[in-house]
Amino acid sequence: LCCECGQFHLLLDNHLYNFQDEVDDELTCHICLQPLLQPMDTPCGHTYCFKCLENFMQEYNFCPMDRKKLSFQQCHKSSLLVRNLLDKLIVYCPFKAECQQTMQRCELEAHLQNRCPGFKKYKSELQRKKNPLSKGKEDPPTKVETNAPRDPEVPSGGSSLVAESSAAAVVSLGTAEPGLVNPAFEETEEDLPQRTSLVAETSTIEIHREDPEEELGMRIVGGKDTPLGNIVVQEVLRDSVIAVDGRIAPGDHILEVNGINISSVTHSQAVSFLRHPGPVLHLMVLQEKGFSNKTAQQDSTSATNREVIHVTLIKRDRSEPLGIKLIRKTDEAGIFILDLLEGGLAAKNGKLSRNDRVLSINGQDLRQGTPEAAAQIIQTTESRVNFVVLRQPGVQLSDLVEDGSASNNSSSSSSSNGGSPVHHRRRLDQSHYRRKSSYQKGYASHEKTVALKKEPKESLGITIGGGRDNKNKLPIYVTSVQPVGCLYRDGRIKRGDVLLSINGIDLTHLNYYEAVSALKSNAASHSVVLKALEILSVNSAEPSLDIKEQGFSWSPLWITWLGLPSYLHFCQDIVLSKGNLESWGFSIVGGFEESKGNQPFFIKTIVPGTPAFRDRKLKCGDEIVAVNGVPAIGMSNSELIPMLKEQKNRVTLTVVSWPGSLV
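Taking full-length UniProt numbering, I'd label the letters of the sequence shown as residues 1 to 663.
Written out as structure tokens, the structure reads:
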């Protein structure tokens, strides 16, 4: 719960307010359609919320209203007059049951902290919940053993990889759990001089949270009720608890949570365990380390001298330089600190050193990264820049070279494109590859039509998410049904429903803003006909997918997207290229099996240092629907893998990517 606005929202999202009166359209952000927060003016005369514009500009280079070319650096704060007008808007206290006061928006935070009986009651109840948690933290393991017995269909190899002690254990995956290694990146005789085996490491990671209710900030996929089996990290959110810690990366397999083995639990159960509040979280993870080679074996002798260091630098504004010179090495992947500029932010901080190897910045894995990629992350960060670096004493700076690979983290980069890598937009393949709507036993989709009469001025009373302009190209879905409006009264439209059409207008191909416009214009009529798709859990033993856990903004679980029919999928092509002696670097699971029938193919593992890893577009949990235009539906694992191996230097994977469940 946000202590500034008294409502639930993601750390990086805008505050939420309940306004007493309808706000003038001139004071509304045309990205989020809410009254402006930290308003920013564009050179073309439009105004948006700071966070809305910042997020939009990470994807696009034009103004959302008139599509004129725009960069975030060209924008500036709105005038003091506009900011004062916005701060004086009247809002209700969010704790309506205990407090019916209204006040100016700028006064709400002080009201919550000092005067609101509802917020005071909430904090005291939260404190009472925390104390029993610490006393009873040994109880959950017993509950798991009885409620989640091992599924015989799930390979048990994952649990055998868990080290007996808390120390990291290096294991070869050549004979490990099926799916972790398969012929999609099988070594040939030509590979053997360079690569000996694929290596992974299990380790226990302790995560500390100042607020026990704060979300970890990562997205997960998998579970025993999916072909993936294990729980896999799909994404680490920037500036989150996990990102600041820096030790967990996309592709890591989570084996245990606070001593509970989750290698054989369903997706929903794993989400529940990872969302469980507490100040300290112990995670046992399996992390890919790539293919071992001679260099790696030689380096292992000096590994004991290395030290992993976490450093946070705080910029006063986005344009402030850190004063760091980054560079590549001739004989080792990754990026290194060449120099700290005198008087710069990093030099004043004093915790970074010359020749530190940068492992990650703000949770973005840079073990195989470039100076340009690091500069881009730093330049787009507003305030906190979290470094995780590896320090090894005794290496001379003569090992470093500057042949066109250097970049500095001032307000611009010395790379040829000015530190802003050009992202070539790939044409998305919008054809659909048919498969059974719901391949798994646990979920079924149900189409429904809701027709109702209403007053012309009465709102629908729903909020929506998704849209084909979304990062994952999601269909439009309902994020909340407000206790005002005709749909709440009717009761048939629920949170999580996918909206197909309104009054005959197709919503399935619209972006977010087009869908908002279509819903608003049709809500003005006397009658509304909505078509929607509801994803139902047919397993009553599963936790309800509609439960809103405290401290977590609601979004559908990853597993519910898998139940959508194929006509709602948005396919995209990912082209991978490799050398003759390289493997593609990913493993797949799924496909046709006699006992299970047709199952989708999923990406289970992406190996560091390989073409799939370097490309950075493919993610764990992505569904492969075609290879070089040939549909994968109906194929077995043993049929698809030879197809992948036949592609010598280039392959086009058509994939559907669903966002993992947020924990």
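Yeah, the Cβ is synthetic: ideal placement off N, Cα and C, and Gly gets one too.
| Asked | Found |
| --- | --- |
| K578 beta carbon less than 8 angstroms from that of P611 | yes |
| Closer than 8 angstroms to chain B by CB, D24 | Going by chain labels, chain B is absent from the structure shown, which holds only one protein chain. |
| Straight-line gap, P483 to R489 (C-alpha atoms, nearest Å) | 8 angstroms |
| Integer Cβ distance of D252 from V285, believed to fall under 8 angstroms | 5 angstroms |
| Helix, strand or coil at A373 according to DSSP, with G and I counted as helix | helix |
| Beta-carbon proximity list for T652, same chain, < 6 angstroms, skipping 5 on both sides | D573, V575 and N628 |
| For N637, the first and last residue of its enclosing alpha helix (DSSP H) | N637 to E646 |
| Inter-stretch contact (C-beta, 8 angstroms, three-pair minimum) for the stretch 211-228 and the stretch 238-250 | yes |
| Contacts around T463, its chain only, beta-carbon distance under 8 angstroms, and the 5 residues preceding and following it disregarded | V478, T479, S480 and Q482 |
| Status (buried if at least 16 other CB within 10 Å, exposed otherwise) for Y567 | exposed |
| Of the residues F570, A626, L581 and I641, the one placed nearest S587, counting alpha carbons only | I641 |
| Endpoints, alpha helix (DSSP H) assigned at C52 | F50 to E59 |
| Inter-residue Cα distance where the pair is C106 and E534 | 40 angstroms |
| Three-pair Cβ contact test at 8 angstroms for the stretch 343-355 versus the stretch 224-238 | no |
| Cβ-Cβ distance between F283 and V308 below 8 angstroms | According to the sequence provided, residue 283 is Leu. The question's Phe does not apply to it. No. |
| Which of helix, strand or coil DSSP assigns to K68 | coil |
| Start-to-end residues for the alpha helix (DSSP H) that takes in P611 | P611 to D615 |
| Distance CB(W561)-CB(W658) smaller than 8 angstroms | yes |
| CB of H446 within 8 angstroms of CB of V388, strictly | no |
| Stretch-stretch touch, CB-based, cutoff 8 angstroms, three pairs: the stretch 104-123 with the stretch 1-10 | yes |
| Bridge partner(s) assigned by DSSP for E206 | H282 |
| Whether R354 touches I335 by CB criterion (8 angstroms) | no |
| Cα-Cα separation, N637 to I606 | 17 angstroms |
| Local Cβ density within 10 Å of residue 664, reported as buried at 16 or more and exposed below that | No information on residue 664 is available, as it lies outside the stretch 1 to 663 that the chain covers here. |
| Selected residue, minimal CA-CA separation from E582, among V625, E593, P565 and E646 | E646 |
| As assigned by DSSP and simplified to three states, the class of P475 | strand |
| Beta-bridge pairing of D41 - partner residues as DSSP gives them | T47 and H76 |
| Three-state secondary structure (DSSP) of K96 | coil |
| Cβ distance (whole Å) where N61 is taken to contact S71 below 8 angstroms | 7 angstroms |
| Option in N649, K604 and G590 with minimal Cα separation from E639 | G590 |
| Collapsed DSSP secondary structure at residue 733 in the structure displayed | In the structure as shown, the chain begins at 1 and stops at 663. Residue 733 is therefore absent and cannot be evaluated. |
| Rounded distance between the beta-carbons of L366 and A374, thought under 8 angstroms | 6 angstroms |
| Coarse secondary structure for F19, derived from DSSP in three states | strand |
| Backbone CA spacing between L274 and V663 [nearest angstrom] | 6 angstroms |
| For I505 and L530, believed in contact at Cβ under 8 angstroms, the rounded distance | Not really, about 10 angstroms apart at Cβ, beyond 8 angstroms. |
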